[in-house]
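S.K.: Residue numbers (the numbering used here): -13 to 355.
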């Protein structure tokens, strides 16, 4: 195979690779309605078309900028024809999948505008949640911020034997923070603070939309949570203090469910949540928050963000004051408390799977050499 590098010859499909799934992928500039009733927002977007494979391989998230959900089965052979239709270089990385080096979306294979690339790989992962995103050198963070990302769900025989939520009860939950200007356009790294310690947006989006409310039935759901933010760390917990349960993390199921008061979720991290609304009455509502925490940024910087006086101002004679931080005092800081999404019970049902006591068998190989 000849591997595509920016401005160089591009690769072709391998004749001996018998694909079970084939797709066409494109990345392009687009305008979508993110804020209702306002001007459309310019984004970068993945489009996909299924050429071969099960119909549910591609599931579009309608009404937003995120790429389609990719549903894979362990053992499938996948071929993806990708074309970069944007005005800047890009390449796709399959974050969490075990794939050959030439199909991993390494920055060395970045495509110039108008170029194409062929990915070929066998799905080697066990059941779990991964995601895909742009992976171009010096452009990854910005292109992901503007929309080039999507969720991957892998299943296998072991997971299929479990009585767990599926179909309409198995839902994506991609959390991102964004900042909009008065024209509803994304703003990225406009101040010194973002460049120094990482960009933090002032608006929380779930699955590409703000102020999200999930209508749910009185039963169990599986929510595949992905932290799609550039720098923000979330502390996930319910507003009423109800414990929260995880059944998977970072591309695999857990051996058994883990229930905690909260779960931390770092950028790029995934966690599969078992959210059970059984026993809750119709009309009841729960809110998932990012709960407050401290220690995410240096103490002096935290004092300045909160408007507190500090002597020395980081040893720079006051030169690192609020003005230089690009408005550090406004918006949502790292560790602040804020709502992420709400869940409202709209229908009473009696059929719901019970939380399994065990999900998968985990074996640890010992090295006696």
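From the three backbone atoms N, C-alpha and C, an ideal C-beta is built for every residue, glycine too.
Does DSSP put residue 188 in a helix, in a strand, or in coil?
M.R.: Three-state result, residue 188: coil.
S.K.: For the stretch 70 to 80 against the stretch 224 to 232, do three or more pairs of beta-carbon atoms, one drawn from each stretch, fall closer than 8 Å, so that the two count as touching?
M.R.: No, they do not touch.
S.K.: Using the C-alpha atoms, what's the distance from residue 267 back to residue 64?
M.R.: Each residue's Cα considered, the two are about 44 Å apart.
S.K.: For residue 101, which option in 273, -2 and 143 has the closest C-alpha, if you only look at C-alpha atoms?
M.R.: Among 273, -2 and 143, the Cα nearest to that of residue 101 belongs to -2.
S.K.: If you compare alpha carbons, which of 44, 258, 131 and 218 is closest to residue 159?
M.R.: For residue 159, the nearest C-alpha among the options comes from 258.
S.K.: Whole angstroms are fine: how far does the CA of residue 103 sit from the CA of residue 20?
M.R.: Each residue's alpha carbon lies about 30 Å from the other.
S.K.: What residues are listed by DSSP as bridge partners for residue 105?
M.R.: For residue 105, which the question treats as bridged, DSSP gives the partners 66.
S.K.: What do you get for residue 417, buried or exposed, if any count of 16 or more other CB atoms within 10 angstroms of its CB means buried?
M.R.: Since the displayed the chain opens at -13 and closes at 355, residue 417 lies outside it and no answer follows.
S.K.: Comparing C-alpha positions only, which one of 124, 170, 347 and 118 sits nearest to residue 256?
M.R.: The residue with the shortest Cα to Cα distance from residue 256 is 118.
S.K.: Taking all protein chains shown into account, decide if residue 105 is buried (16 or more other Cβ within 10 angstroms of its Cβ) or exposed.
M.R.: Buried, since its Cβ has 16 or more Cβ neighbours within 10 Å.
S.K.: Given residue 244, which residues of its chain have a CB within under 6 Å of its CB, disregarding the five upstream and five downstream residues?
M.R.: Correct list, in chain order: 232.
S.K.: What residue does the alpha helix (DSSP H) around residue 144 start on, and which one ends it?
M.R.: Residues 143 to 146.
S.K.: Whole beta strand (DSSP E) runs in the stretch -3 to 72 with 3 or more residues, listed along the chain?
M.R.: Complete beta strand (DSSP E) runs here, min 3: 7 to 18, 27 to 38, 55 to 59 and 63 to 70.
S.K.: Should the stretch 183 to 192 be called in touch with the stretch 146 to 164, which here means at least 3 C-beta pairs below 8 Å?
M.R.: Result yes; three or more Cβ-Cβ pairs closer than 8 Å.
S.K.: Based on DSSP bridge pairs, tell me the residues matched to residue 213.
M.R.: Paired residue(s): 161.
S.K.: Quick one: is residue 269 buried, meaning 16 or more other Cβ sit within 10 Å of its Cβ, or exposed?
M.R.: Label assigned to residue 269: exposed.
S.K.: Under 6 Å Cβ to Cβ from residue 142, same chain only, skipping five residues before and after it: list those, please.
M.R.: Here the set comprises 60, 112 and 113.
S.K.: Counting C-beta neighbours from all protein chains within 10 Å, is the total for residue 337 16 or more, i.e. buried, or is it exposed?
M.R.: Residue 337 is exposed by the Cβ-count criterion.
S.K.: Output needed for residue 16: all residues of its chain with C-beta closer than 6 Å, excluding positions within five of it in sequence on either side, in chain order.
M.R.: Closer than 6 Å at Cβ, skipping near neighbours: 29 and 31.
S.K.: Roughly how many angstroms separate the alpha carbons of residue 5 and residue 285, rounded to a whole number?
M.R.: Their Cα atoms are separated by approximately 53 Å.
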